[in-house]
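The sequence shown maps to residues -26 to -1, 1 to 195 in mature numbering (1 follows the signal peptide of the UniProt record, and there is no 0). The structure under discussion appears below in the form of structure tokens.
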Amino acid sequence: MANQRRAMRAVALLAAALLAASVASAFVGVQAPPSPRIQTQLRAGGEYTGFVPDLQRRQLMNFVLVTTAAIPVLVALGCYLWYFVPPVAGGGSGATLAGDQDGNPITLDSWVKSHKENDRELVLGLKGEPFYLISTADNIKDFALLSVCTHLGCVVPWNKGANKFCCPCHGSQYDENGKVVRGPAPLSLALAHTTTTEGKIALTPWPEKDFRTDLDPWWKV
């Protein structure tokens, strides 16, 4: 995290420097009033009033140039900072039917027939996010696990041999219930309730405490 903060600070300073340079190079200087000698010459043909005919046009060009230069810098900075925002589980107010890789609803009967006890497989769940369903001998567990690593958002596969979820990106590990047991991930995998609706498997948000840690859920519901 310290390295991330240093990197974010460096990028912010670089973006500020680029923006300052863009602003400095964008402005076109306004001519200073003529010297006394030139003022004397001007008075010969008419009184000098200090008016610059194209001042408004210069100001408009300055505004356009500064805006054009600033937008790409701010967008790039925002995208970089967003990369370090921890992923947040999505949710909805009602049940969402679990879908297969083609988005088709999954029935409980078909799931039980094609899976063994302790099998885990990804389905499309809340807000289309990939969730793990966990099989029992003749049903599924009453919770599903969001497969998004809480470190930087990689999809975490199930390692049956190790009986853990092991992130291939940075080595984070979670136990069979999705509780984090090894960093750099700071939090456990998000939870959702599982239920059935007319024989189809559905997921609903998990607003209560995390049964694995007895803490309030860190994910939005």
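Quick reminder that beta carbons are idealized off the backbone N, C-alpha and C, glycines included. Keep in mind it's a predicted model, so treat the numbers as computed, not measured.
_Coil, strand or helix - residue 132 by DSSP_ = For residue 132, the secondary structure class from DSSP, reduced to helix, strand or coil, is strand.
*Does the Cβ of residue 130 have 16 or more other Cβ atoms within 10 Å, making it buried, or fewer, making it exposed?*
buried
*Does the separation of the CB atoms of residue 175 and residue 108 fall below 9 Å?*
No, the Cβ-Cβ distance between residue 175 and residue 108 is not below 9 Å.
*Is the distance from the Cβ of residue 164 to the Cβ of residue 178 below 9 Å?*
no
*Evaluate residue 182 with the Cβ neighbour count: other Cβ atoms within 10 Å of its Cβ, from every protein chain shown; 16 or more gives buried, anything less gives exposed.*
exposed
*DSSP puts residue 140 in a beta bridge; with which residues?*
Answer is 147, bridged to residue 140.
*Excluding the five sequence neighbours on either side, which residues of its own chain have a C-beta within less than 7 Å of the C-beta of residue 184, listed in chain order?*
Answer for residue 184: 162, 165 and 191, listed in chain order.
*asked:* Less than 8 Å between C-beta atoms, sequence neighbours within five positions excluded: which residues of the same chain meet that for residue 104?
replied: The answer, listed in chain order, is 96, 97, 98, 120, 121, 122 and 129.
*So which of 71, 134 and 124 has the shortest CA-CA distance to residue 193?*
124
*Can you grab the Cα-Cα spacing for the pair residue 43 / residue 36, in whole Å?*
11 Å
*At which residues does the alpha helix (DSSP H) containing residue 115 begin and terminate?*
Per DSSP, residue 115 belongs to no alpha helix (DSSP H) and is neither H nor E.
*So is residue 154 buried or exposed if we call it buried at 16+ other beta carbons inside 10 Å?*
That one is buried.
*Which residue from 41, 46, 70 and 90 puts its Cα closest to that of residue 169?*
Taking only the C-alpha atoms, the option nearest residue 169 is 70.
*alpha helix (DSSP H) containing residue 122: first to last residue?*
Per DSSP, residue 122 is not a residue of any alpha helix (DSSP H), being assigned neither H nor E.
_Residue interval of the alpha helix (DSSP H) (run including residue 87)_ = 82 to 88
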